[in-house]
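Report on one structure; see the data block that follows.
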Amino acid sequence: MVNHYARFIPQAAILFHPLNYLLRQGVSWIWNQEQEKAFQQAKRALTNHPVLTNFDSTQHIVLACDASPYGVGAVLSQKDKSGILKPVAYASRSLSPSERNYAQIDK
(Lines of atoms letter the chains of each structure in order from A; the text may use other names.)
(Lines give C-alpha, C1' and ligand atoms only; values in the text may rest on other atoms or scores of the structure.)
Protein backbone atom coordinates (compact mmCIF):
# COMPACT_ATOMS: atom_id res chain seq x y z
CA MET A 1 0.00 0.00 0.00
CA VAL A 2 2.78 2.42 0.88
CA ASN A 3 4.44 2.01 -2.52
CA HIS A 4 1.20 2.96 -4.25
CA TYR A 5 0.79 6.14 -2.19
CA ALA A 6 4.49 7.06 -2.17
CA ARG A 7 3.94 9.41 -5.10
CA PHE A 8 1.78 11.54 -2.80
CA ILE A 9 4.36 11.72 -0.01
CA PRO A 10 7.27 14.17 -0.17
CA GLN A 11 10.69 12.51 -0.02
CA ALA A 12 9.12 9.05 0.21
CA ALA A 13 12.25 7.25 -0.98
CA ILE A 14 14.30 8.82 1.79
CA LEU A 15 11.60 8.32 4.39
CA PHE A 16 11.12 4.64 3.54
CA HIS A 17 14.81 3.78 3.04
CA PRO A 18 15.20 1.87 6.34
CA LEU A 19 12.15 -0.24 5.44
CA ASN A 20 13.15 -0.83 1.82
CA TYR A 21 16.62 -1.89 2.95
CA LEU A 22 15.10 -4.93 4.67
CA LEU A 23 13.63 -6.08 1.34
CA ARG A 24 17.03 -6.51 -0.31
CA GLN A 25 18.30 -9.95 -1.10
CA GLY A 26 20.82 -11.23 1.42
CA VAL A 27 19.86 -8.77 4.16
CA SER A 28 18.89 -10.21 7.53
CA TRP A 29 15.45 -9.16 8.71
CA ILE A 30 16.25 -7.20 11.87
CA TRP A 31 13.61 -4.71 13.00
CA ASN A 32 15.27 -2.06 15.16
CA GLN A 33 14.61 1.53 16.20
CA GLU A 34 15.51 2.88 12.76
CA GLN A 35 12.87 0.72 11.05
CA GLU A 36 10.29 1.44 13.74
CA LYS A 37 10.88 5.18 13.36
CA ALA A 38 10.50 4.94 9.55
CA PHE A 39 7.33 2.86 9.98
CA GLN A 40 5.77 5.41 12.34
CA GLN A 41 6.78 8.26 10.00
CA ALA A 42 5.22 6.40 7.07
CA LYS A 43 1.94 6.05 8.94
CA ARG A 44 1.95 9.77 9.81
CA ALA A 45 2.83 10.70 6.22
CA LEU A 46 -0.07 8.68 4.86
CA THR A 47 -2.54 10.46 7.10
CA ASN A 48 -1.17 13.99 7.52
CA HIS A 49 0.28 15.33 4.27
CA PRO A 50 -1.56 18.01 2.33
CA VAL A 51 -3.92 17.07 -0.44
CA LEU A 52 -2.59 17.60 -3.94
CA THR A 53 -4.09 20.43 -5.93
CA ASN A 54 -5.07 20.27 -9.59
CA PHE A 55 -2.56 21.49 -12.15
CA ASP A 56 -3.49 24.83 -13.72
CA SER A 57 -1.74 25.40 -17.05
CA THR A 58 -2.30 29.17 -16.75
CA GLN A 59 -0.25 29.45 -13.54
CA HIS A 60 3.52 29.44 -13.00
CA ILE A 61 5.04 26.29 -11.60
CA VAL A 62 7.73 25.81 -8.97
CA LEU A 63 9.89 22.69 -9.08
CA ALA A 64 11.95 21.93 -5.98
CA CYS A 65 14.47 19.06 -6.05
CA ASP A 66 16.64 17.52 -3.38
CA ALA A 67 19.00 14.57 -2.96
CA SER A 68 20.25 12.61 0.02
CA PRO A 69 22.77 9.78 0.28
CA TYR A 70 19.87 7.31 -0.26
CA GLY A 71 17.46 8.91 -2.73
CA VAL A 72 16.24 11.86 -4.75
CA GLY A 73 12.96 13.73 -4.53
CA ALA A 74 11.04 16.56 -6.10
CA VAL A 75 7.81 18.47 -5.62
CA LEU A 76 5.93 20.35 -8.33
CA SER A 77 3.91 23.22 -6.86
CA GLN A 78 1.70 26.11 -7.91
CA LYS A 79 0.39 29.10 -5.98
CA ASP A 80 -3.30 29.09 -5.15
CA LYS A 81 -5.51 32.21 -5.31
CA SER A 82 -4.25 33.35 -1.91
CA GLY A 83 -0.60 33.04 -3.04
CA ILE A 84 0.20 29.92 -1.02
CA LEU A 85 2.26 27.21 -2.75
CA LYS A 86 0.27 23.98 -3.00
CA PRO A 87 1.75 20.64 -4.12
CA VAL A 88 0.62 19.35 -7.52
CA ALA A 89 2.81 16.22 -7.59
CA TYR A 90 5.64 14.53 -5.74
CA ALA A 91 8.36 12.30 -7.16
CA SER A 92 11.07 10.32 -5.41
CA ARG A 93 13.12 7.20 -5.79
CA SER A 94 15.89 5.33 -4.06
CA LEU A 95 19.38 5.52 -5.52
CA SER A 96 21.09 2.36 -6.73
CA PRO A 97 24.33 1.36 -4.98
CA SER A 98 26.40 2.81 -7.84
CA GLU A 99 24.38 6.06 -7.92
CA ARG A 100 25.10 6.56 -4.22
CA ASN A 101 28.75 7.05 -5.18
CA TYR A 102 27.94 10.06 -7.39
CA ALA A 103 28.91 13.52 -6.27
CA GLN A 104 26.05 15.36 -4.57
CA ILE A 105 25.62 17.72 -7.53
CA ASP A 106 25.26 14.76 -9.94
CA LYS A 107 22.49 13.00 -8.01
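In this note's numbering, the protein residues as written are 1 to 107. Every residue gets a Cβ at the ideal spot worked out from N, C-alpha and C, and that includes glycine. Note that this is a predicted model, so its numbers are computed, not measured.
Quiz item: Y90 by DSSP, collapsed to three states: which one?
Solution: Strand.
Quiz prompt | the segment 65-74 contacting the segment 9-20, beta-carbon criterion three pairs below 8 Å | solution = Taking a contact to require three or more Cβ pairs closer than 8 Å, the segment 65-74 and the segment 9-20 qualify as touching.
Practice problem: Give the secondary structure of A45 by DSSP, where H, G and I count as helix, E and B as strand, and everything else as coil. | Solution: Taken through DSSP and simplified to helix, strand or coil, A45 comes out as helix.
Quiz item: Taking the Cβ atom as the reference point for each residue, do Q104 and V88 lie within a distance shorter than 7 Å?
Solution: No; because the gap between Cβ atoms is not below 7 Å, this pair is not in contact.
Quiz item: DSSP on K79, reduced to helix/strand/coil?
Solution: K79 falls in the strand class under three-state DSSP.
Quiz item: My guess is that L19 and Q35 are in contact by the Cβ rule of under 8 Å, so how many angstroms apart are they, rounded?
Solution: Yes, L19 and Q35 are in contact; Cβ-Cβ is about 6 Å, under 8 Å.
Quiz item: On the three-state DSSP scale, how would you describe L23?
Solution: Of the three classes helix, strand and coil, the one that applies to L23 here is coil, per DSSP.
Quiz item: Going by the CB atoms, is the gap between W29 and L23 shorter than 7 Å?
Solution: No, they are not a contact pair.
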